[in-house]
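The working numbering applies: residue 6 is where the sequence shown begins, and numbers increase by one.
C-beta: ideal position from N, C-alpha, C; glycine also.
In this text the structure is predicted, and so the values were computed from the model without any measurement.
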Amino acid sequence: MTLSPSRRTVLVVTGGAAAALATGCGNGGDGTSSDAADSTKSGAAGGALAQTTDIPEGGGKIFTAEKVVVTQPTKGDFKAFSAVCTHQGCTVGSVANGTINCPCHKSEFRIADGSVAAGPATEPLPEKQITVQGDSITLT
């Protein structure tokens with residue numbers, strides 16, 4: 006006798022897989038944002054998150070493990086924001102052309118203040134606290 010899964014089992018399993026895929030939005034890989042390997046090198050446990058030279062002027066870098074994006078809108082001015090899109094919780098995927106970009110629904114946020122440049126997001130990215138000491142950027 007062969008047993009087949011019930012309709013409920015199939016729906017639960019496929020729904021869980023869809024949810025995992027939906028929350029797994031990743032990086033765009035355009036060279037201006039980090040990938041998972043970069044994030045594992047950062048010191049989330051009290052060490053330096055990055056060096057100032059890691060953050061391009063007019064751009065930024067995403068640290069997926071820490072869920073933070075660090076930007077440098079103008080030379081020597083470093084900002085940090087949550088890397089979680091305020092629209093539906095995807096991780097932003099790239100920083101380019103003055104915006105932090107979410108790959109899920111194409112929301113864009115300004116690198117200077119995290120405000121919405123293009124929706125569907127309506128809320129800005131929350132600011133994160135960083136300390137810049139010498140060449141080191143630390144998440145506080």
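query	result
If we ignore side chains and look at the alpha-carbon of each, how far apart do T91 and G139 end up?	32 Å
Can you give me the Cβ contacts of A22 inside the same chain, cut-off strictly under 8 Å, excluding the 5 residues immediately before and after it?	Note that A22 scores a pLDDT of 42, beneath 50, so its modelled location is shaky and nothing firm can be said.
Check the DSSP bridge columns for N3 and list the partner residues they point to.	This structure does not reach residue 3, given that the chain is present from 6 up to 145, and the question cannot be answered.
Run the CB neighbour count on T69, radius 10 Å, all protein chains shown included, and call it buried at 16 or more, exposed below.	buried
Out of L144, G52, Q134 and I60, which has the shortest C-alpha to C-alpha gap to A101?	I60
By DSSP's criteria, S141 is part of a beta bridge. Which residues make up the other side?	Q56 and Q138
Measure how close the beta-carbons of E132 and G124 come, nearest whole angstrom, since I'm counting them as under 8 Å.	Contact flag wrong, Cβ pair sits at about 20 Å.
By Cβ distance, which residues of its chain are closer than 6 Å to P78, with the 5 residues on each side in sequence left out?	I116 and A117
Taking all protein chains shown into account, do 16 or more other C-beta atoms lie within 10 angstroms of the C-beta of G98, making it buried, or fewer, making it exposed?	buried
Specify, as a first and last residue, the run of the beta strand (DSSP E) that K66 falls within.	G64 to F68
So, T76 versus K84, is the Cβ gap smaller than 9 Å?	yes
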